[in-house]
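**Student:**
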Amino acid sequence: MTTRRVPPTIISSSLLGCLVLFANPLHAAGTATGDMEAYLASGELSLTSDIPEVLTTTRLRQPKSRVPGTTTIIEGELIRALGIMNLVEVFRLVPGMTVAAVGSNNPVTSYHGTVHYEQRRMQVLVDGRTSYRPNLADVDWNAMPVPLELIERIEVSRGPNAAAYGINAFLATINIITRSPEDTGGTEVRAVSGSRGYLRTFGSTGNASGDYNWRLAYEKRKSDGFDRQLDRSVEAPFHDGIDMNTFTYDSLLALDSRHSLEFRGGVVDGINEEDQIKSGEFGAQADPDITVDDYYLQVRFNDSVSSGHFYHLQASYQNYNRRQRWPICLPPSEILPGAPDEPLFCATLNNDIEESRLELEAQDTLIFNQNLRLISGVGYREDQYESETFFDGRGRNYLARVFGNLEYSPTRWLTLNAGGNWESTTTTQENYFSPRVAANFIMARNHTLRFVYSEAVRTPDAFEQEPDWSYRPTDVTPDLYSGLDGQQFPIADFLDPATSTYGAWLQEERIQSREISYYGQYHLDSALLSLEVRYFNDQLRDMISGIIGLEDWTIDNNVALDQEGFEVEATLDYPGTRLRLSYGYLDQEGTYTGTRDIPADRQQYAIDLLGRLSVRHSGSFAWIQELPFDLYSSAAFYFADEFRNGQFERTDFRLARRVDQPRYSYELAFTVQHYLNDHPLLSPDNIIKERNQFFVEAGVRF
Amino acid sequence: MTFSHHRVSKAKGIGRRVRPVFASMVFWLLAALPALAQANVMMENTLFLAGTGNPAVDQRVSDLLEKALSGTDATDNRPELTVLPFREDQARKAPSVPVVALGPEAVTRVLQESPESPILALLVNEGFYSALNAPSERISALFYDPPLARQALLGKTILPHATRIAVLARPENALRYDNQLAPLRDAGLEAQVFVVSSDDRLIPTLVRALGYGDFLLALPDDRIYNPRTIKHILLTAYRRSRIVIGPRQAYVKAGALASTYTPLTTLVREAAGYIRTHREKGAFPPAAYPLGYAIEVNRQVARSLNILLGDDQALEQQLQDNIRQLQEVAP
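Order-wise, the sequence lines are chains X and Z. Going by this note's numbering, the residue at position 665 of the first sequence is 665; the numbering climbs one at a time, nothing skipped. Take any residue in the second sequence, note its place counting from 1, add 1000, and you have its number in this note's numbering.
1) Under 9 Å Cβ-Cβ, which residues of chain Z neighbour X:T571?
2) With a floor of 4 residues, list each alpha helix (DSSP H) that falls wholly inside the segment 344–422 of chain X, ordered by position along the chain.
3) Quick one: grab the DSSP three-state call for Z:G1127.
4) Going by DSSP in three states, X:Y296 sits in which element: helix, strand or coil?
5) Can you tell me the Cβ-Cβ gap for X:L366 and X:H309, rounded? I've got them flagged as a contact below 8 Å.
6) Measure the beta-carbon distance from X:A606 to X:D475 and round it to whole angstroms, keeping in mind my assumption that it falls under 8 Å.
7) Work out the CA separation of X:E355 and X:Y535 for me, nearest whole Å.
8) Give me whichever residues DSSP pairs with X:H674 in a beta bridge.
9) May I have the straight-line CA-CA distance separating X:E464 from X:L506, to the nearest angstrom?
10) Alpha carbon to alpha carbon, what distance is there between Z:Q1059 and Z:D1145?
11) Assuming X:A217 contacts X:T201 (C-beta within less than 8 Å), just tell me the rounded distance between them.
12) On the DSSP bridge assignment, give the partners of X:P435 in chain order.
13) Listed from N- to C-terminal order along the chain, which residues in the segment 638–670 of chain X have their beta-carbon within a distance smaller than 8 Å of any beta-carbon of chain Z?
14) How big is the Cα-Cα spacing for Z:P1263 and X:Q673?
15) Determine whether the Cβ of Z:F1215 lies closer than 8 Å to any Cβ atom of chain X.
16) Please list the segments of the beta strand (DSSP E) lying wholly inside the segment 496–575 of chain X, counting only runs of 3 or more residues, in order along the chain.
17) List, in order along the chain, the chain Z residues whose C-beta lies closer than 8 Å to that of X:H523?
18) Are the CB atoms of X:F345 and X:L330 within a distance shorter than 8 Å?
19) Mapping DSSP to helix, strand and coil, what is Z:A1091?
20) Quick one: is X:H259 buried, meaning 16 or more other Cβ sit within 10 Å of its Cβ, or exposed?
21) Which residues share a DSSP beta bridge with X:Q588?
22) Please report the straight-line C-alpha distance between Z:V1268 and X:P181, rounded to a whole angstrom.
23) Does the contact criterion of 3 or more C-beta pairs under 8 Å hold for the segment 586–602 of chain X versus the segment 1168–1181 of chain Z?
24) Any chance the segment 545–557 of chain X sits against the segment 82–101 of chain X, with 3 or more Cβ pairs inside 8 Å?
25) How big is the Cα-Cα spacing for Z:T1082 and Z:E1316?
26) Could you tell me whether the segment 441–460 of chain X touches the segment 1316–1329 of chain Z, using the rule of 3 or more Cβ pairs below 8 Å?
27) Chain X beta carbons: is any one of them nearer than 8 Å to that of Z:G1353?
28) Can you tell me the Cα-Cα spacing of Z:R1239 and X:R658, whole angstroms?
29) 8 Å is my cut-off, CB to CB: does Z:Y1293 come that close to chain X?
30) Rounding to the nearest angstrom, what Cα-Cα distance links X:E75 and X:E155 in this structure?
31) At which residues does the alpha helix (DSSP H) containing Z:V1052 begin and terminate?
32) Could you check whether the Cβ of X:Y574 sits closer than 8 Å to any Cβ belonging to chain Z?
33) Pick out the complete alpha helix (DSSP H) segments inside the segment 147–190 of chain X, 4 residues or longer, and give them in chain order.
34) Between Z:T1265 and Z:R1185, what straight-line distance do the alpha-carbon atoms span, to the nearest angstrom?
35) Quick one: list the residues of chain Z neighbouring X:A527, beta-carbon separation under 9 Å, in chain order.
36) Whose CA, out of Z:N1306, Z:L1084, Z:Q1313, Z:F1284, lies closest to the CA of Z:L1142?
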């Protein structure tokens, strides 16, 4: 007979566990203490899969030291502390990102620039849903169903990320994570009002006390937009506001300790004002405002098989419905060769489009041990569109993908990541594989040096690739032209055949990216300094540049870009003080590589178009300070040097008083945005008359 | 999960002997044979132990006590005192013999069965002890839960830039916590107690608390921190990049970032000091938190939250410095 000796440490631990069991006075009274300690000791509680780490870059939850690439994390608290008024403006805090507005004040943002219109080179996710428009693949930031109060954090994975998300994760990936309904029980109400007709009201209520946690939220966003525009060099009123209403419902049902079900749904409706002068076509007689009517549904099933194995199944359906109708009057000669100039031809045109996206995804995480972790999954997407104007009917595109990433740490100081995404799309009838490999050298005391190589593609969207753009006038007057009612006027007929590329088959854009980055943290007395520096060197090939317009359609795979630069993001936390700095330097060099023989000035124009949102220097500096008497202040400086019309420079100041009573909290705040120059943002039409813009806000939570 | 477990206590280096299981049987056999015990033990060299009811635990404490009370002469390892299980009849016959009571249940039992016996309560909370309202020279205690100020300073040690502490409390505890937290102002820490008036107000209150505090100081209250809520609380805090300190060592294993605690060997060694004092002066020192403590840190959680932690020694040193500074400004 042999006796197995129990190691002393185990005895000691178990004894301590037993001791703890009896340690609390409440135990005698039959409270939960014993259960608590037994529960803690059982190991049933595993947070491994849930602690929020950087999760955008590979889809694995990874600490920054192990992430294969630079990722900026903007916390919701920072957004609110800085008094940021619009979601898109958050991205000014991200090194290398620029924010501007095109057309009738339609916000646009990008990492490392490129084009300003139809900006579609970033993957944008909201709670795991792909959130750029399916077929006119740009991002409608005005209609994003994300109230600022509900943002938990925004992760921006800087650099190509197609290895995790596939097509469109070309320059960067934005992942907006809203607060879990588990975290938002109670009621919150907030109102903000300010210059240029800004009004935002928010209310949410929810329950987070049982197995079924839910939240219902409403937000209204209104703004008059820019003050003025230029109409033939003369300032004129600018009809470019928004009036959006967002309803969202988020819920999480814990089925048991292993399984949970998430359901999310939302509706956005409202008006995006479009200006007759700026955006009206064919002799618009009124402002061609866009009516927004979007909704989405999302369901996700989570299964934590064990603390080392978990998966989810997710399905989402999003519908984007835009109605844009406007009356026109123009000389018939402009649309019918040989027709007279009089009487004017009047009718109603529309840019109506309904798009939808069905997305299915299964994702599995296997943690073999703390040094070897694998994430893998499959995805399927179906993009539909219906538009008489843009596609002459309905159409569909399909996409299927398989993705995976293996994280391996052979030693304490080295983590290797290898990941890739294979996908097949009907947009180009091709298959693509986008890989990424990275080595993270983790030096002592939280210093990490990363070397990353990645490739990505962007396929043209449905409208770029297969447009069938035409207008069918309705409500035609006078009766003289009634024969034209419903007649199709293809845009191809108006384009210059010498320059038009309308209908030409486009190839995918490709990027090869190399990154060397450093992430470190330092304790400086009572302060903590976090520093992240990224050097990048990218080759972008077959970039699609040119114009998509009623008079010009010149897009083509015609520009190669070589870009390199560096970016810095640093935060310094002192007691009561937070300083944050971001800076991006971008050196972008374009070359015309198109096969069409066009004049040098048009070649240069194609190159220039691809740099409209690219700026050499950009960044931000923020200072958040706790003050006596429950006061908080913040100051932020944002700059981009420079867009076409000059530098963007703005300083924001905010003073808030937040009072936390034992049973409720309230906040009052006053914000000033001060523009340091009169340069309109990107376009000469984006005129703000007053350099100082004022906002007041009040909120209560209980 | 991996854990860092660092000993700061003076008990460092004391080996742990593995006692065979039969030792525990012998201990309880002794309890069953009072006549034999009485015959062999001089009451003046006796100490009673009112146990938890768990034989293994009680035996372990008994062993440690005897060891801590052993003579310092290398040639004489006999204990100064013999530890006997508490029995009502024996205690009543020898009312001057101190009783070490493990946990509130044992304390209550001793008070009922032998009201005259001097009691040293271990594994009890300050709240329980205060409610006894007994003179400390007769009933003293070494508290089990870590002192609130030390826990707060541990948070400050991990987050040197922290200035605000959020605390959740039930209405009946709010004022007490408020008072205990007040001296921390001298260490540059403002604390705010958020009242959880009912179970369904826990998360809304937590959300407000996390909006205020640089970290959540979790205090031992099982109505707030329990199996049903702990994961929810921890994840809500971590999703908002707020760390959780405390309330006890076991919570660190479950996912709290860190806590101080008193290792059993340290606790017993300090208890031996109380007993010696009682023998010499006829009274216990005042009830207090044990001086020795250790820090338990969940380094995986720290890594996940990008919390920069020094090594164990640095952490220990910094916490000691912070405690010393607080004692200097708020003695």
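Beta carbons: idealized from backbone N, C-alpha and C, even for Gly.
**Tutor:** Walking through what the data contain:
1) Counting from one through the first sequence, the residue named residue 571 of chain X turns up at place 571. Chain order gives no chain Z residues near X:T571, where near means a beta carbon separation below 9 Å; the closest approach is about 10 Å.
2) Counting whole runs of 4 or more residues, the segment 344–422 of chain X contains no alpha helix (DSSP H) stretch at all.
3) The sequence position of residue 1127 of chain Z within the second sequence is 127, counting from 1. If DSSP states are grouped into helix, strand and coil, Z:G1127 belongs with the helices.
4) For the purposes of this step, residue 296 of chain X is identified with residue 296 of the first sequence, where counting begins at 1. It is a strand residue.
5) Counting from one through the first sequence, the residue named residue 366 of chain X turns up at place 366. Counting from one through the first sequence, the residue named residue 309 of chain X turns up at place 309. About 6 Å separates the beta carbon of X:L366 from that of X:H309, a gap short enough to meet the 8 Å contact definition.
6) Position 606 of the first sequence holds residue 606 of chain X. Position 475 of the first sequence holds residue 475 of chain X. Contact flag wrong, Cβ pair sits at about 39 Å.
7) What you label residue 535 of chain X is simply residue 535 of the first sequence in a count that begins at 1. What you label residue 355 of chain X is simply residue 355 of the first sequence in a count that begins at 1. Take the alpha-carbon of X:Y535 and the one of X:E355: they are about 38 Å apart.
8) If you number the first sequence from 1, residue 674 of chain X lands on position 674. Under DSSP, X:H674 forms a beta bridge with X:T651, X:N692.
9) Along the first sequence, one-based indexing puts residue 464 of chain X at 464. Along the first sequence, one-based indexing puts residue 506 of chain X at 506. The alpha-carbon of X:E464 is positioned some 8 Å away from that of X:L506.
10) Mapped onto the second sequence, residue 1145 of chain Z falls at position 145. Mapped onto the second sequence, residue 1059 of chain Z falls at position 59. Rounded to the nearest angstrom, the two C-alpha atoms are 22 Å apart.
11) The residue you call residue 217 of chain X lines up with position 217 of the first sequence. The residue you call residue 201 of chain X lines up with position 201 of the first sequence. Contact doesn't hold; Cβ gap of about 11 Å is too wide.
12) Walking along the first sequence from the start, residue 435 of chain X turns up at place 435. BP columns for X:P435 point to X:G420.
13) Listed in sequence order: R658, D660, P662, R663, Y664, S665.
14) Locating residue 1263 of chain Z in the second sequence gives position 263, counting from the first residue. Locating residue 673 of chain X in the first sequence gives position 673, counting from the first residue. Rounded to the nearest angstrom, the two C-alpha atoms are 56 Å apart.
15) Residue 1215 of chain Z sits at position 215 when you count from the first residue of the second sequence. No, Z:F1215 does not count as interfacial toward chain X.
16) Qualifying beta strand (DSSP E) stretches, in chain order: 509–524, 527–545, 556–574.
17) On the first sequence, residue 523 of chain X is found 523 positions in, with the first residue counted as 1. In chain order: P1160, L1308, G1310.
18) For the purposes of this step, residue 330 of chain X is identified with residue 330 of the first sequence, where counting begins at 1. For the purposes of this step, residue 345 of chain X is identified with residue 345 of the first sequence, where counting begins at 1. Going by C-beta atoms, X:L330 is nearer than 8 Å to X:F345.
19) To locate residue 1091 of chain Z, count along the second sequence from 1; it is residue 91. Helix.
20) In the first sequence, the residue the question calls residue 259 of chain X occupies position 259. The residue is exposed, with fewer than 16 neighbouring Cβ atoms inside 10 Å.
21) By one-based count along the first sequence, residue 588 of chain X stands at place 588. In DSSP, X:Q588 forms a bridge with X:Q563.
22) Here residue 1268 of chain Z is taken as the residue at index 268 of the second sequence, counted from 1. Here residue 181 of chain X is taken as the residue at index 181 of the first sequence, counted from 1. C-alpha separation (whole angstroms): 46 Å.
23) No, they do not touch.
24) Not touching, per the Cβ criterion.
25) Position 82 of the second sequence, counting from 1, holds the residue named residue 1082 of chain Z. Position 316 of the second sequence, counting from 1, holds the residue named residue 1316 of chain Z. Rounded to the nearest whole angstrom, the C-alpha separation of Z:T1082 and Z:E1316 is 35 Å.
26) In short, these stretches do not touch, since the Cβ pair count stays below three.
27) Because chain Z spans 1001 through 1331 in this model, residue 1353 of chain Z falls outside it and cannot be assessed.
28) One-based indexing of the second sequence puts residue 1239 of chain Z at position 239. One-based indexing of the first sequence puts residue 658 of chain X at position 658. Distance between the alpha carbons of Z:R1239 and X:R658 is about 21 Å.
29) Here residue 1293 of chain Z refers to the residue found at position 293 of the second sequence. At a cut-off of 8 Å, the C-beta of Z:Y1293 has no neighbouring C-beta in chain X.
30) Numbered from its first residue, the first sequence carries residue 75 of chain X at position 75. Numbered from its first residue, the first sequence carries residue 155 of chain X at position 155. The alpha-carbon atoms of X:E75 and X:E155 are separated by roughly 8 Å.
31) As a first step, residue 1052 of chain Z must be located in the second sequence, where it is residue number 52. This sequence places Thr at residue 1052 of chain Z; Val is not what is there. Per DSSP, Z:T1052 belongs to no alpha helix (DSSP H) and is neither H nor E.
32) As a first step, residue 574 of chain X is located in the first sequence; it is residue number 574 there, counting from the start. So, interface residue.
33) The qualifying runs are 162–165.
34) Here residue 1265 of chain Z corresponds to residue number 265 of the second sequence, with the count starting at 1. Here residue 1185 of chain Z corresponds to residue number 185 of the second sequence, with the count starting at 1. Rounded to the nearest whole angstrom, the CA to CA distance from Z:T1265 to Z:R1185 is 33 Å.
35) Position 527 of the first sequence holds residue 527 of chain X. The answer, in chain order, is P1160, H1161.
36) Along the second sequence, read from residue 1 onward, the residue named residue 1142 of chain Z stands at position 142. Z:L1142 has its Cα closest to that of Z:F1284, out of Z:N1306, Z:L1084, Z:Q1313, Z:F1284.
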